[in-house]
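Trainee:
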Amino acid sequence: MTVAIQPEIEQAERPPVSQAIAKIALIGNPNSGKTSLFNQLTGLNQKVGNFPGVTVDKKTGISQLTSQLKAEIIDLPGTYSLYPKSLDERVITDLLYDPASRHFPDLIIVTADASNLKRNLLLFTQLADLQIPSVLALNMVDVAEEQGVKIDIEALQREFGVPVIPMNARKGLGVAALKIVMSQQLEATSTTFFEIPAELKPLLDGIKDRFSLTNNYLALQIAHHYKTLKFLKEEDVTWLDDQLAAIGFKSNAQQANETIARYTRINELLLDTVRVEKADKNEQFSNRLDQVLTHKVFGYLIFFVILFLIFQAIFAWASYPMDLIDQGIAAINILIQDNFDGPLVDMLTEGIIAGLGGVLVFVPQIAILFAFIAILEETGYMARVTFMMDKIMRKFGLNGKSVVPLISGVACAVPAVMSARTIENWKDRMITIFVTPLMSCSARIPVYTVLIALVVPEKYYFGFMNLQGLVLMGLYLIGFLAAIFSALLLKFILKARERSYFIMEFPTYKMPRWKNVGITIVEKVKAFLFEAGKVIVAVSVILWVLASYGPGDRFEQAREKALVEARAENLNEVQTENRIASHQLEDSYAGIIGRSMEPLIRPLGYDWKIGIALLTSFAAREVFVGTISTIYSIGEEENVTTIKEKLMNEKDANGDPFFTPARGFSLMIFYLFAMQCVSTLAIVRRETKSWMWPLAQLIYMTGLAYVMAFITYQAFS
Amino acid sequence: MRHKTWEHTGQRSVRELKIGESGVICCLNDPEMGLKLLEMGCIPGTEVKMNSRAPLGDPITIIVNNYTLSLRLDEAETILLK
Chain A
-2 MTVAIQPEIE
8 QAERPPVSQA
18 IAKIALIGNP
28 NSGKTSLFNQ
38 LTGLNQKVGN
48 FPGVTVDKKT
58 GISQLTSQLK
68 AEIIDLPGTY
78 SLYPKSLDER
88 VITDLLYDPA
98 SRHFPDLIIV
108 TADASNLKRN
118 LLLFTQLADL
128 QIPSVLALNM
138 VDVAEEQGVK
148 IDIEALQREF
158 GVPVIPMNAR
168 KGLGVAALKI
178 VMSQQLEATS
188 TTFFEIPAEL
198 KPLLDGIKDR
208 FSLTNNYLAL
218 QIAHHYKTLK
228 FLKEEDVTWL
238 DDQLAAIGFK
248 SNAQQANETI
258 ARYTRINELL
268 LDTVRVEKAD
278 KNEQFSNRLD
288 QVLTHKVFGY
298 LIFFVILFLI
308 FQAIFAWASY
318 PMDLIDQGIA
328 AINILIQDNF
338 DGPLVDMLTE
348 GIIAGLGGVL
358 VFVPQIAILF
368 AFIAILEETG
378 YMARVTFMMD
388 KIMRKFGLNG
398 KSVVPLISGV
408 ACAVPAVMSA
418 RTIENWKDRM
428 ITIFVTPLMS
438 CSARIPVYTV
448 LIALVVPEKY
458 YFGFMNLQGL
468 VLMGLYLIGF
478 LAAIFSALLL
488 KFILKARERS
498 YFIMEFPTYK
508 MPRWKNVGIT
518 IVEKVKAFLF
528 EAGKVIVAVS
538 VILWVLASYG
548 PGDRFEQARE
558 KALVEARAEN
568 LNEVQTENRI
578 ASHQLEDSYA
588 GIIGRSMEPL
598 IRPLGYDWKI
608 GIALLTSFAA
618 REVFVGTIST
628 IYSIGEEENV
638 TTIKEKLMNE
648 KDANGDPFFT
658 PARGFSLMIF
668 YLFAMQCVST
678 LAIVRRETKS
688 WMWPLAQLIY
698 MTGLAYVMAF
708 ITYQAFS
Chain B
658 MRHKTWEHTG
668 QRSVRELKIG
678 ESGVICCLND
688 PEMGLKLLEM
698 GCIPGTEVKM
708 NSRAPLGDPI
718 TIIVNNYTLS
728 LRLDEAETIL
738 LK
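These protein sequence lines are chains A and B, in that order. Residue 610 in our numbering sits at position 613 of the first sequence, with consecutive numbering throughout. Position in the second sequence (from 1) plus 657 gives the number in our numbering.
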C-alpha cells in the first residue's frame, strides 16, 4: 500500500501507548468510510459479539499497529451525533458515558468525509468535548481535492488540537500513517467547541459531584440521556429526575441550541481552513445519473432488470455448487457406510451429516445474494431503491428498506432476515422479519413441482401459457400477498417504539470496494453456518431418532413383515430394502406421532402417511419429497416421474385415487404458509434476540397454513 | 405531536418548493423531527434546494450544505422557509 503521495503532516513526538492491547473505538457518520477503514485496519480478524445487555451486535477486530503492538478496534454504529435516534445508536452513549465500563476506549478514531466536512464535524466536536483522546481520520481527501475542496490540514490540526490524518480508506491511503498515530500515547484536546449555558452550570456541578466526573459536557450528556443509560442505578435516576425538574431542564430545546451553536462554531473554523474552488462535480454526476436511475418509468424498469439478474444468479449459477455440495455429502455418506456399521454410524450419516448437508447446500445462494446486495449498497444504488419503494411499502407498515429482505426471501428466508439489519426503525424491522418467511423460498420448489405434476394437467392456453407454470406463478403471488397483508395486520397490532422517518443522506455513486464485498460475504456465510447450522443439525438428529427407532420390538416385526411381503411378491434386493424402510418408518416414533396426528389433519384431507412427512419436513421443507418417497417405498433413484406414478396409484379406502386435486392443492397451500424451517426460526431468534418472535411466527404461520389448507380442501372437494 | 402552524401563517415549507427551486430555512416546527434535521445540517439560515422527487412523488431529495438528503413529504413539511 502506498503512502508516498500523502501530504507530510507534522506530528509531535509522543511516547508509545503503554497497554499491551489498546481499546480503540471507531466512530463516524454513515457513508464516511467507516466500514472501509475498519476493514483496512482489521482485515478478516473480525468478530461479532454482544454488548452486555444490549440487543445490538458488537463488531470488534484486532489491528496490528506496529510489529509489537496490537489494538482492539471496536466498530460503533454510524451516527450523526451523540444524541442517539435508534436502539442501535444507544450503544454509543452506553459505551462513551461510562468510563468505568470494561469496553471504555483508550482512544477514539473519528472518520469524517472531507467532501462534506461541515456535517461530519458536528459529531467530532461533540466527542472532542468529552475529552477522550481522539484522532480525526479525514477520509476521501483526494476525492475532495478533485472536487475543488482545499483543506489546510495543518491549520485544522492546530484549531482542533488533535492529530488529523488525511486518508482514502477505500484505497488504503493514509492507513499506515493512522496506525503510527494510533500506537502513540495521545492526550485529549484542550479545546472546547461548545460553551455550556451559564444557567446549567449549578446543575452540572451537582452531577459532576455525585458521579465524580471532571468533564462538564459529560455531565450535560448524562442529564440528556440518563433515562436510557444502562449503568445508572435506580436512585441516581430518581435523583436526576428531581434535579432536572427543579431547574426545568428541556432536553429537546437544549439539544437544538447546542446543535445550532456547534454548527456556527464549525462554520467559523472552516472559514479559515477550507476553500471550495468549484462546484461539486461528483454530486452533479450523481444527480444526473439519478435522473435516469430514479426516473418514473426507467427507474422501475432498471430495478426490475437488476432483480431479474439476481434471481437468475441465485437459481442458475447457484445450482452448480449446490449440486456439488449435494453430491459431496452423498459421497462422504457412502464412504462412511461402506466402511463402518452400527447405529452410531447411521446417526452420523443420516442425522448429523444429512443435517449439515441441509445447511451447507444453501451457502452458494447466500454468498451470491449477499455479493449482489453488498455491491448495490457499496455503489449507492440501494439507497435509490429504498427511495423509489418507500411510498408503496409504507402503506403496508413496511418501509423502503424492506424491499431487500422481501426480494431475498424468494431465495432463502435466512439471509433475507439477516438483511433486515439495515432498517433502523424497530417496528418496521420487526414487521419485515416477521413476514419475510411467507415469500416462497427455493426449498418450497421441490414440494410444489411434485404436487403440481400430480394434480395439475399439462395443458396449454393460447399455445404458450402452460397451466402448470401458471399455478406455480400463482403460488409465488399468494406468498407475496400473504407477506404484505400480514404486514398490514401487524402495522395495527405493534406499538411503535420510535417514530418512523426516512431522513437519510443520499450517497454519491461510487465504484464498489471489492474487499468490503468479500468481507460481507464471509461474514454472512459464517453467521448462517454457525447460528442456523447449530439448530438445524440438532433438529435433524432428533428427527432421525424419531424416524429410526420404534417402541419395543415393533421395528423388528416391521422388518419381518416386509421380508414376508417381499418374498411373496418376488421383489429384488433394492425393492426389498425400500419395503423394509417403508414399514419401519410406519412403525417408528415418527410414524406413531403421524398416526396420532391423523384426526387433527383429516379435515385438511391428509392421512397418517402425510402426517409423517409433515413431521419430518419440519426441519426443512425439501425433506418432504424424500420422506414421501420412503413412505411409498419408491427407492433411491427417485425422480418426479416415478414419484408421480407411485402417488397416482395410491388409493383411498373406497378404492378411488388418493391424491385428488383437493388434497394436492391443500398440501401446496399448507407448505406455502407453514413455518416449516428450523433455520429461519433460529435466525429470527438471533436477529431479534428473543424467543418471542420466532414463536409468534411459528404459531401464526402454522395456524394460517392450517386454516388456508382447510379452506382449499373443502373448496376443491 | 406535530403543530400545523404554517396553515395559519401561510408560511411556505420545503414541501412546496418546485424542482430546482431554492429557499432559505427559517425554522423547524416539529421539535422531535427538527432535532434530526438540525443534525443533518438543516440549520435556520441555510439554503435548501429541491432536487428531485421519487417516482410516486414521495419521498423527495433536497440539497443542503452541498450534499443530497432524502426525506418524506411530511418531514419536508416541518422545514419552514423565510
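C-beta: ideal position from N, C-alpha, C; glycine also.
(1) Is B/L695 a contact residue of the ligand NAP, with contact defined as CB to any heavy atom under 7 Å?
(2) Please look up how many angstroms separate the CB atoms of A/N28 and A/P504, rounded, as I've assumed it's under 8 Å.
(3) For A/F305 and A/F295, I'd like the C-alpha separation in whole angstroms.
(4) Check whether the Cβ of A/A258 lies closer than 8 Å to any Cβ atom in chain B.
(5) Taking only the alpha-carbon atoms, compute the straight-line gap between A/Y445 and A/G471 and give it to the nearest angstrom.
(6) Does the Cβ-Cβ distance between A/L678 and A/L695 come in under 8 Å?
(7) Would you mind telling me which residues of chain B sit closer than 8 Å to A/N113, beta carbon to beta carbon, in chain order?
(8) Could you give the uninterrupted runs of the beta strand (DSSP E) lying entirely in the stretch 65 to 98 of chain A, keeping only those of 3 residues or more?
(9) Hey, A/K521 and A/M386: beta-carbon distance below 8 Å or not?
(10) If B/P728 and A/F384 are in contact, beta carbons under 8 Å, what's the gap, nearest whole angstrom?
(11) Cβ of A/E502 less than 8 Å from any chain B Cβ?
(12) Between B/L695, B/M690, B/P701 and B/N723, which lies nearest to A/E495 when the distance is taken from Cα to Cα?
(13) If you drop the 5 nearest sequence neighbours on each side, which residues of the same chain put their C-beta closer than 6 Å to that of A/K606?
(14) Please confirm whether B/P716 has its beta-carbon closer than 8 Å to some beta-carbon of chain A.
(15) Going along the stretch 63 to 83 of chain A in order, which residues come within less than 8 Å of chain B, judged by CB to CB distance?
(16) Can you list, in chain order, the residues of the stretch 686 to 697 of chain B whose Cβ is nearer than 8 Å to any Cβ on chain A?
(17) Would you identify the three-state DSSP class for B/K661, choosing helix, strand or coil?
(18) For A/K523, does the three-state DSSP call read helix, strand or coil?
(19) Near A/T189, what residues of its chain come up, given a Cβ to Cβ distance below 6 Å and the 5 sequence neighbours on each side ignored?
(20) Taking only the alpha-carbon atoms, compute the straight-line gap between A/L237 and A/I89 and give it to the nearest angstrom.
(21) Please check if any C-beta of chain B sits within less than 8 Å of the C-beta of A/M385.
(22) For A/G608, does the three-state DSSP call read helix, strand or coil?
(23) The stretch 279 to 303 of chain A: which residues have C-beta closer than 9 Å to a C-beta of chain B, in chain order?
(24) Under 8 Å by Cβ, that's how I've got A/N330 and A/I350 pegged, so tell me the actual separation to the nearest angstrom.
(25) Under 8 Å between the Cβ atoms of A/A587 and A/A524?
(26) Comparing C-alpha positions only, which one of A/S33, A/R207, A/I307 and A/D425 sits nearest to A/K507?
(27) Along chain A, which residues have their Cβ under 8 Å away from the Cβ of B/R669?
(28) Given a cut-off of 8 Å on the beta-carbon distance, is the pair A/E553 and A/I680 in contact?
(29) Name the residues in the stretch 701 to 713 of chain B whose C-beta lies less than 8 Å from a C-beta of chain A; which are they?
(30) Is there a Cβ from chain A that is less than 8 Å from the Cβ of B/K661?
(31) For the putative contact between A/Y94 and A/Q252, defined by C-beta atoms under 8 Å, what is the C-beta separation to the nearest angstrom?
(32) Among the candidates A/L664, A/T638 and A/T517, whose CA atom is the shortest distance from the CA of A/L611?
(33) Would you say A/A493 faces chain B, with C-beta separation under 8 Å as the test?
(34) Taking C-alpha atoms, which residue in A/V342, A/K20, A/Q43 and A/A174 lies nearest to A/S98?
(35) So with CB distances below 7 Å, who are the chain A contacts of B/S727?
(36) May I have the straight-line CA-CA distance separating A/P726 from A/A479, to the nearest angstrom?
Mentor: Working from what's here:
(1) Summarising the ligand content, the structure contains no ligands, and the ligand NAP is consequently not present.
(2) Locating residue 28 of chain A in the first sequence gives position 31, where the first residue counts as 1. Locating residue 504 of chain A in the first sequence gives position 507, where the first residue counts as 1. Yes, they are in contact, since the Cβ atoms of A/N28 and A/P504 sit about 5 Å apart, within 8 Å.
(3) Taking the first sequence and counting its residues from 1, the one referred to as residue 305 of chain A is at position 308. Taking the first sequence and counting its residues from 1, the one referred to as residue 295 of chain A is at position 298. Roughly 15 Å between the two C-alpha positions.
(4) Translated into positions along the first sequence, residue 258 of chain A becomes position 261. With 8 Å as the cut-off, A/A258 does not count as an interface residue toward chain B.
(5) Here the question's residue 445 of chain A lines up with position 448 in the first sequence. Here the question's residue 471 of chain A lines up with position 474 in the first sequence. Cα-Cα distance, rounded: 11 Å.
(6) Taking the first residue of the first sequence as position 1, residue 678 of chain A is located at position 681. Taking the first residue of the first sequence as position 1, residue 695 of chain A is located at position 698. Cβ atoms of A/L678 and A/L695: closer than 8 Å.
(7) As a working mapping, residue 113 of chain A is identified with position 116 in the first sequence. By Cβ distance, chain B contributes N722, N723 and Y724.
(8) 67 to 72
(9) On the first sequence, position 524 is the one that residue 521 of chain A refers to. On the first sequence, position 389 is the one that residue 386 of chain A refers to. No, these two residues do not count as a Cβ contact at 8 Å.
(10) Within the second sequence, numbered from 1, the residue matching residue 728 of chain B stands at position 71. Within the first sequence, numbered from 1, the residue matching residue 384 of chain A stands at position 387. The sequence shown places Leu at residue 728 of chain B, rather than the Pro named in the question. So it is not a contact: roughly 10 Å between Cβ atoms.
(11) The residue you call residue 502 of chain A lines up with position 505 of the first sequence. Yes, contact with chain B.
(12) By one-based count along the first sequence, residue 495 of chain A stands at place 498. The residue with the shortest Cα to Cα distance from A/E495 is B/M690.
(13) Counting from one through the first sequence, the residue named residue 606 of chain A turns up at place 609. Cβ neighbours of A/K606 beyond the five flanking positions: I628.
(14) For this step, residue 716 of chain B is matched to residue 59 along the second sequence. Yes, contact with chain A.
(15) Y77, S78, Y80 and K82
(16) P688, E689, M690, G691, L692, K693, L694, L695, E696 and M697
(17) On the second sequence, residue 661 of chain B is found 4 positions in, with the first residue counted as 1. Its pLDDT being 47, under 50, B/K661 is placed unreliably in this model, and the coordinates cannot settle the point.
(18) Counting from one through the first sequence, the residue named residue 523 of chain A turns up at place 526. Residue state, collapsed to three classes: helix.
(19) As a working note, residue 189 of chain A is residue 192 in the first sequence. Once the five neighbours on either side are set aside, the close Cβ partners of A/T189 are D126.
(20) On the first sequence, residue 237 of chain A is found 240 positions in, with the first residue counted as 1. On the first sequence, residue 89 of chain A is found 92 positions in, with the first residue counted as 1. C-alpha separation (whole angstroms): 21 Å.
(21) Taking the first sequence and counting its residues from 1, one reaches residue 385 of chain A at position 388. Output row for A/M385: interface = yes.
(22) As a first step, residue 608 of chain A must be located in the first sequence, where it is residue number 611. Of the three classes helix, strand and coil, the one that applies to A/G608 here is helix, per DSSP.
(23) E280, S283, N284, D287, Q288, T291, H292, K293, V294, G296 and Y297
(24) Numbered from 1 along the first sequence, position 333 holds the residue referred to as residue 330 of chain A. Numbered from 1 along the first sequence, position 353 holds the residue referred to as residue 350 of chain A. Yes, A/N330 and A/I350 are in contact; Cβ-Cβ is about 6 Å, under 8 Å.
(25) Numbered from 1 along the first sequence, position 590 holds the residue referred to as residue 587 of chain A. Numbered from 1 along the first sequence, position 527 holds the residue referred to as residue 524 of chain A. No, they are not a contact pair.
(26) The residue you call residue 507 of chain A lines up with position 510 of the first sequence. Ranking the options by Cα distance to A/K507, first place goes to A/S33.
(27) Here residue 669 of chain B corresponds to residue number 12 of the second sequence, with the count starting at 1. Those do not exist, as B/R669 stays about 20 Å from chain A at its closest Cβ, beyond 8 Å.
(28) Position 556 of the first sequence, counted from the first residue, corresponds to residue 553 of chain A. Position 683 of the first sequence, counted from the first residue, corresponds to residue 680 of chain A. Not in contact: A/E553 and A/I680 (Cβ atoms no closer than 8 Å).
(29) P701, N708, S709, A711, P712 and L713
(30) Numbered from its first residue, the second sequence carries residue 661 of chain B at position 4. Per-residue confidence for B/K661 stands at a pLDDT of 47, beneath the threshold of 50, marking its modelled position as unreliable; the derived number appears in the next sentence. Closer than 8 Å: no.
(31) Your numbering for residue 94 of chain A matches position 97 in the first sequence. Your numbering for residue 252 of chain A matches position 255 in the first sequence. Going by Cβ atoms, the distance from A/Y94 to A/Q252 rounds to 15 Å, so no, they are not a contact pair.
(32) Here residue 611 of chain A is taken as the residue at index 614 of the first sequence, counted from 1. Measuring from the Cα of A/L611, the nearest candidate turns out to be A/L664.
(33) Working through the first sequence from its first residue, we reach residue 493 of chain A at position 496. Not one chain B Cβ lies under 8 Å of A/A493.
(34) Indexing the first sequence from 1 puts residue 98 of chain A at position 101. When only C-alpha atoms are compared, the closest one is A/K20.
(35) Position 70 of the second sequence, counted from the first residue, corresponds to residue 727 of chain B. Residues of chain A passing the Cβ test: F384, F499, M501 and F503.
(36) One cannot answer for residue 726 of chain A here, as it falls past the ends of chain A, which runs -2 to 714.
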